[in-house]
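Numbering (this note's numbering), first residue to last: 790 to 1094.
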């Protein structure tokens, strides 16, 4: 999957991913009113709002953006109807040729970790295999150590799927844990990054990157640049661009000398762009998203080298 992802990025010359993280207030009023009229004040109505919103965004972005990253929590909060919207969103994105990163941030051990790994590995029922989630990659939390990683890694090895493991995140309070100095003289996020590199050995593709990647926040410029040198075979998923304050100038050093090595995420800055636009009303929310995505592409690609 890492070679597939890099191939899509190269084809579109666009190392970005759009986070499909809808919130009720983001949905244009005309979509909300339509679905409320059809389904009443129900969770079903919200699920259908989210899917209609996402489908229009995917249609507007699929020829310029290589990947989407739906955050499962935004859907789970609405129960089964939200999960249905999540699944339909993934299916539609894949139909349009987009790479899908399921932002699930799971982390547990033993049989629970193996069950969570079904997100990328699927499940067998009496010898029949099912892949209900259809994600190409997922995000996971490494706090429990390799016990929580092993089931996911085994699937990456057998099925070619991909992981992005939290290393240095973009939120301000990440330093409370991630910047603690360990007994061996490494900062905790450095030690975590080294573990990610170790876990990714043997899974390196033709472009020199492993199927085990790292989440490295765009708001951590110096740390991200240092991690690129430290982890030459680890592909980065980079949140924190746009709404969280980072720009292309902050992340140019996260890329390698060939202009590869990262995919940069923006969520609100793309999908809710119409709310801050003087040119686009809510009926043109998808056009506003497309313009914002093109602006993001330009900002990042101009700052890679």
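All C-beta atoms, glycine included, are put in the ideal place defined by N, C-alpha and C.
The structure presented is a predicted model; accordingly, all values stated were derived computationally and were not measured.
Just to confirm my understanding: we take residue 927, look at its own chain, exclude 5 residues before and 5 after, and list those with CB closer than 6 Å. What are they? 891, 893, 908 and 909
Tell me the residue span of the alpha helix (DSSP H) that contains residue 1072. Unbroken run through residue 1072: none, as it is neither H nor E.
Here's a check: name, in chain order, each residue in its chain whose Cβ is nearer than 6 Å to the Cβ of residue 920, leaving out the five neighbours to either side. 911
Residues bridged to residue 895 (per DSSP): 929
What does DSSP give as the partner residue(s) for residue 805 in the beta ladder? 1053
Out of 797, 792 and 803, state which residue places its alpha-carbon closest to the alpha-carbon of residue 741. A question about residue 741 goes unanswered here, because the residues of the chain that appear run from 790 up to 1094.
At what residues does the beta strand (DSSP E) containing residue 848 begin and finish? Note, residue 848: premise wrong, no beta strand (DSSP E); alpha helix (DSSP H) at 832-850.
Assigned secondary structure, residue 937 (DSSP; H/G/I helix, E/B strand, else coil): helix
Quick check: what's the CA-CA separation for residue 942 versus residue 992? 9 Å
Thinking just about the alpha-carbon of each residue, which of 831, 1001 and 872 is nearest to the one in residue 790? Of 831, 1001 and 872, the residue nearest in Cα terms is 1001.
Coarse secondary structure for residue 1016, derived from DSSP in three states: helix
Could you spell out the range, first to last residue, of the beta strand (DSSP E) harbouring residue 1001? 1001-1005
Start-to-end residues for the alpha helix (DSSP H) that takes in residue 985: 977-988
Terminal residues of the continuous alpha helix (DSSP H) containing residue 877? 868-884
Looking only at C-alpha atoms, which of 1041, 1069, 1080 and 1067 sits nearest to residue 1059? 1080
Using only alpha-carbon positions, find the residue among 1084, 989, 996 and 981 that is nearest to residue 1005. 981
In whole angstroms, give me the CA-to-CA distance for residue 1062 and residue 1069. Residue 1062 and residue 1069 have their C-alpha atoms roughly 9 Å apart.
Could you spell out where the beta strand (DSSP E) holding residue 957 opens and where it closes? Boundaries of the beta strand (DSSP E) harbouring residue 957: 951-957, taken from the DSSP string.
Residue interval of the alpha helix (DSSP H) (run including residue 918): Unbroken run through residue 918 is the beta strand (DSSP E), 917-919; no alpha helix (DSSP H).
If I measure Cβ to Cβ from residue 985 and keep anything under 8 Å in the same chain, skipping five residues before and after, which residues do I get? 931, 954, 956, 1001, 1002, 1003, 1020 and 1023
Run the CB neighbour count on residue 934, radius 10 Å, all protein chains shown included, and call it buried at 16 or more, exposed below. So residue 934 counts as exposed.
Nearest-angstrom Cβ-Cβ length linking residue 874 and residue 923, presumed shorter than 8 Å: The C-beta distance from residue 874 to residue 923 rounds to 14 Å, too long to meet the 8 Å contact threshold.
Supposed contact pair residue 792 and residue 997 - C-beta distance, whole angstroms, cut 8 Å: Rounded, the Cβ-Cβ distance is 10 Å, inconsistent with contact.
Quick one: residues in its chain with C-beta nearer than 6 Å to the C-beta of residue 1032, no 5 flanking neighbours on either side, listed in chain order? 1057 and 1058
By a C-beta neighbour count over all protein chains shown, 10 Å radius and 16 as the cutoff for buried, is residue 936 buried or exposed? Exposed, by the Cβ-count rule.
So is residue 869 buried or exposed if we call it buried at 16+ other beta carbons inside 10 Å? By the 10 Å Cβ count, residue 869 comes out exposed.
Taking buried to mean at least 16 other C-beta atoms within 10 Å of its own C-beta, is residue 1012 buried or exposed? The residue in question, residue 1012, is buried, as its Cβ has 16 or more Cβ neighbours within 10 Å.
Residue 1017: buried (16+ other C-beta within 10 angstroms of its C-beta) or exposed? buried
Can you pull the DSSP bridge partners for residue 993? 999
Given residue 1078, which residues of its chain have a CB within under 8 Å of its CB, disregarding the five upstream and five downstream residues? Cβ within range, chain order: 807, 846, 849, 850, 1059, 1060, 1062 and 1063.
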